[in-house]
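S.K.: In UniProt numbering, the protein residues as written are 1 to 525.
By construction, the Cβ of each residue, glycine as well, lies at the ideal position given by its N, Cα and C atoms.
#1: Do you know how far the Cα of residue 444 is from the Cα of residue 503?
#2: For residue 160, count neighbouring C-beta atoms within 10 Å of its own C-beta (all shown protein chains included) and say buried if the count is 16 or more, exposed if not.
#3: Look at the alpha carbon of residue 319 and the alpha carbon of residue 229, and state the distance between them as a whole number of angstroms.
#4: Answer with buried or exposed for residue 419, where buried requires no fewer than 16 other C-beta atoms within 10 angstroms of its C-beta.
#5: Tell me the rounded alpha-carbon separation between residue 495 and residue 387.
#6: If you draw a straight line from the alpha carbon of residue 524 to that of residue 518, how long is it in whole angstroms?
#7: If you run the structure through DSSP and keep just helix, strand and coil, what is residue 542?
#8: Am I right that residue 371 and residue 516 are in contact with their C-beta atoms under 8 Å? What's the rounded C-beta distance?
#9: Only counting the same chain, and skipping five residues up and downstream in sequence, which positions put a Cβ closer than 6 Å to that of residue 168?
#10: Find out if the Cβ-Cβ distance for the pair residue 380, residue 486 is shorter than 9 Å.
#11: Let me confirm a value: residue 280 is counted as buried when at least 16 other C-beta atoms fall within 10 Å, else exposed. Which label applies?
#12: Along the chain, where does the alpha helix (DSSP H) that runs through residue 202 open and close?
#13: May I have the straight-line CA-CA distance separating residue 498 from residue 265, to the nearest angstrom?
#14: For residue 364, which residues from the same chain have a beta carbon less than 8 Å from its beta carbon, with the 5 sequence-adjacent residues on both sides left out?
#15: Skipping 5 residues on each side, what residues in its chain have a beta carbon closer than 6 Å to that of residue 505?
#16: Is it buried or exposed for residue 178, if we count other Cβ within 10 angstroms and need 16 for buried?
#17: Specify, as a first and last residue, the run of the alpha helix (DSSP H) that residue 523 falls within.
#18: I'd like to know whether the C-beta atoms of residue 423 and residue 512 end up nearer to each other than 9 Å.
#19: Tell me which same chain residues have a C-beta within less than 7 Å of the C-beta of residue 479, skipping the five on either side of it?
#20: Cβ atoms of residue 397 and residue 252: under 9 Å apart, would you say?
#21: Note down the Cα distance separating residue 241 from residue 247, rounded to an integer number of angstroms.
#22: Within the same chain, show all residues whose beta-carbon is closer than 8 Å to that of residue 393, passing over the 5 residues directly before and after it, in chain order.
#23: Could you tell me the alpha carbon to alpha carbon distance between residue 162 and residue 249, rounded to whole angstroms?
#24: Taking residue 214 and residue 220 to be in contact with their CB atoms under 8 Å, please state how far apart those CB atoms are, rounded to whole angstroms.
#25: What first and last residue would you give for the alpha helix (DSSP H) that runs through residue 481?
#26: Would you please state the rounded distance, in angstroms, between the beta carbons of residue 453 and residue 434? I believe it to be under 8 Å.
#27: So what's residue 270 in DSSP terms, helix, strand or just coil?
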């Protein structure tokens, strides 16, 4: 069979017509041949075809050339079809396990980036988020360094971001509070305990250094709480709180001004009288027979004259006068400061109460507010009771001294009223001052006036201590008389006059807390 095909081709070439295609495929060609590109001719065949003569010289040469050309074309077609079959078999064959493993181990190289290709939405958002975070972390750029301030983070934006992170809302304008720090660990407990001890020691030292300022603040707050009931009564009448505070404070100012004015006149008159009577007093001392005998024996007048003329006496007198002036100026300054603080505390007392009540937990705030209001009411009642008792003492003294015709009755009555504000010993101090003035200014009736004043104040103190004072304190403060005496003694020992003033309302507050807080717990245990 293979030999027939070249013979037919040669016959076709001889007759000048194309050879018929063989219906039987050759052994080298596949059963189902695929289309393949035109066969490529080699250089030799191309040269022969190009140089072939238009008409062969002999019949044998033409047949040989046609046979050679047909064999070349058949071989090219066979090679082309074999290559196509190999490519198809390679494409259809499954991948081997080794090839798959290599593909898994060796990643395929990434394609080169395309600047024009659009990024996915998620990738763009991630890049923008990273850029924004980096810009927020960057420090502020100076104009001379960057030249362009457009990339500087906006402080307002940072502030809003911090507010969002802190959880700022209407209830917590500065952010929600964090979780409490646990103290179960021994190290934390010891550290916190040591820190508490150090803090307490520093607070004690600071309180000792600022003792005078703290005393003024406490006294002003005490007076503000005591005057608040009068302000509340004026408010019930229909007066605004500002006007009520101004009215009450003006009354306090007038009281102190009247007290100082009443003391100025008698003090100045007594000083002038003493200066004029000094020669007379010296002459009386010289004429005294007893003093004359002592002077002859001990030379008292000579020693007194040397002491007066010595430099030490004059220096001591100067230092004493300077000290008295400093004390007076300090007293005036403290009085003015206390009055100003009292005005501020009295006008803002509701806000102060609300602030301290908010320090208590929400679940117990209502009960704390009720107890606090009760304590403040008792303090106000105590101050009102003290002013009532002082007013009674001053009026009684003025009436008694006016009946006896004792000089400076008004000034002495104000002195008794002011000193009577001091618990326990205030009335005694005022009584001693009045009796001394009565003995010195009574003239021919000085002894009678002095003895009468002593008797009057002994009786009055008994009535005040056992009739007036207990009833007033029981009605306003609700403190037992024994507790009142003990509290006043302890307060006077700790802080002097200020401690005695603050002792009774403090005892009233402690007794209220014990009765309303401690006792119910003991009953429920």
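M.R.: With the given structure in hand:
#1: The residue labelled residue 503 in the question sits at position 503 within the chain shown. The residue labelled residue 444 in the question sits at position 444 within the chain shown. Each residue's alpha carbon lies about 44 Å from the other.
#2: As a working mapping, residue 160 is identified with position 160 in the chain shown. With fewer than 16 other beta carbons inside 10 angstroms of its own, residue 160 counts as exposed.
#3: Stepping through the chain shown from its first residue, residue 319 is reached at position 319. Stepping through the chain shown from its first residue, residue 229 is reached at position 229. One C-alpha to the other measures close to 45 Å.
#4: For this step, residue 419 is matched to residue 419 along the chain shown. Buried, because 16 or more other Cβ atoms sit within 10 Å of the Cβ of residue 419.
#5: Position 495 of the chain shown, counted from the start, is the residue given in the question as residue 495. Position 387 of the chain shown, counted from the start, is the residue given in the question as residue 387. When rounded, the separation of the alpha-carbon atoms in residue 495 and residue 387 is 21 Å.
#6: On the chain shown, residue 524 is found 524 positions in, with the first residue counted as 1. On the chain shown, residue 518 is found 518 positions in, with the first residue counted as 1. For residue 524 and residue 518, the distance between alpha carbons rounds to 10 Å.
#7: Nothing can be reported for residue 542, as the shown portion of the chain is limited to 1 through 525.
#8: Residue mapping note: residue 371 aligns to position 371 of the chain shown, counting from 1. Residue mapping note: residue 516 aligns to position 516 of the chain shown, counting from 1. Contact flag correct, Cβ pair sits at about 6 Å.
#9: As a working note, residue 168 is residue 168 in the chain shown. Here the set comprises 175.
#10: Taking the first residue of the chain shown as position 1, residue 380 is located at position 380. Taking the first residue of the chain shown as position 1, residue 486 is located at position 486. Not a contact, by the Cβ cut-off of 9 Å.
#11: Along the chain shown, read from residue 1 onward, the residue named residue 280 stands at position 280. Per the 10 Å Cβ criterion, exposed.
#12: By one-based count along the chain shown, residue 202 stands at place 202. Here the alpha helix (DSSP H) through residue 202 covers 186 to 209.
#13: Position 498 of the chain shown, counted from the start, is the residue given in the question as residue 498. Position 265 of the chain shown, counted from the start, is the residue given in the question as residue 265. Here the alpha carbons of residue 265 and residue 498 stand approximately 28 Å from one another.
#14: Taking the first residue of the chain shown as position 1, residue 364 is located at position 364. None.
#15: If you number the chain shown from 1, residue 505 lands on position 505. Correct list, in chain order: 379, 382.
#16: Here residue 178 refers to the residue found at position 178 when the chain shown is read from its first residue. Exposed.
#17: Sequence index remark: in the chain shown, residue 523 carries index 523 (1-based). 519 to 524 is the extent of the alpha helix (DSSP H) around residue 523.
#18: Counted from its first residue, the chain shown places residue 423 at position 423. Counted from its first residue, the chain shown places residue 512 at position 512. Cβ atoms of residue 423 and residue 512: not closer than 9 Å.
#19: Stepping through the chain shown from its first residue, residue 479 is reached at position 479. Sequence-distant Cβ neighbours of residue 479 in its own chain, meaning closer than 7 Å and more than five residues away, are 473, 504, 507, 508, 511.
#20: By one-based count along the chain shown, residue 252 stands at place 252. By one-based count along the chain shown, residue 397 stands at place 397. Against a cut-off of 9 Å, the Cβ pair of residue 397 and residue 252 comes out as no contact.
#21: Your numbering for residue 241 matches position 241 in the chain shown. Your numbering for residue 247 matches position 247 in the chain shown. So the two alpha carbons sit approximately 10 Å from each other.
#22: Counting from one through the chain shown, the residue named residue 393 turns up at place 393. Here residue 393 has 416, 417, 420, 427, 430, 460, 464 as same chain residues with Cβ atoms under 8 Å from its own Cβ, once five neighbours each way along the sequence are excluded.
#23: Numbered from its first residue, the chain shown carries residue 162 at position 162. Numbered from its first residue, the chain shown carries residue 249 at position 249. Near 47 Å, if we compare the C-alpha coordinates of residue 249 and residue 162.
#24: By 1-based counting over the chain shown, the position of residue 214 is 214. By 1-based counting over the chain shown, the position of residue 220 is 220. Taking a contact as a CB-CB distance under 8 Å, the pair residue 214 and residue 220 does not count as one, their CB atoms being some 11 Å apart.
#25: Walking along the chain shown from the start, residue 481 turns up at place 481. Note, residue 481: alpha helix (DSSP H), 481 to 513.
#26: Within the chain shown, residue 453 is the residue found at index 453, counting from 1. Within the chain shown, residue 434 is the residue found at index 434, counting from 1. Contact between residue 453 and residue 434 holds, with the beta-carbon distance rounding to 5 Å and staying under 8 Å.
#27: Translated into positions along the chain shown, residue 270 becomes position 270. In the structure shown, residue 270 sits in a helix (DSSP, three-state: H, G or I).
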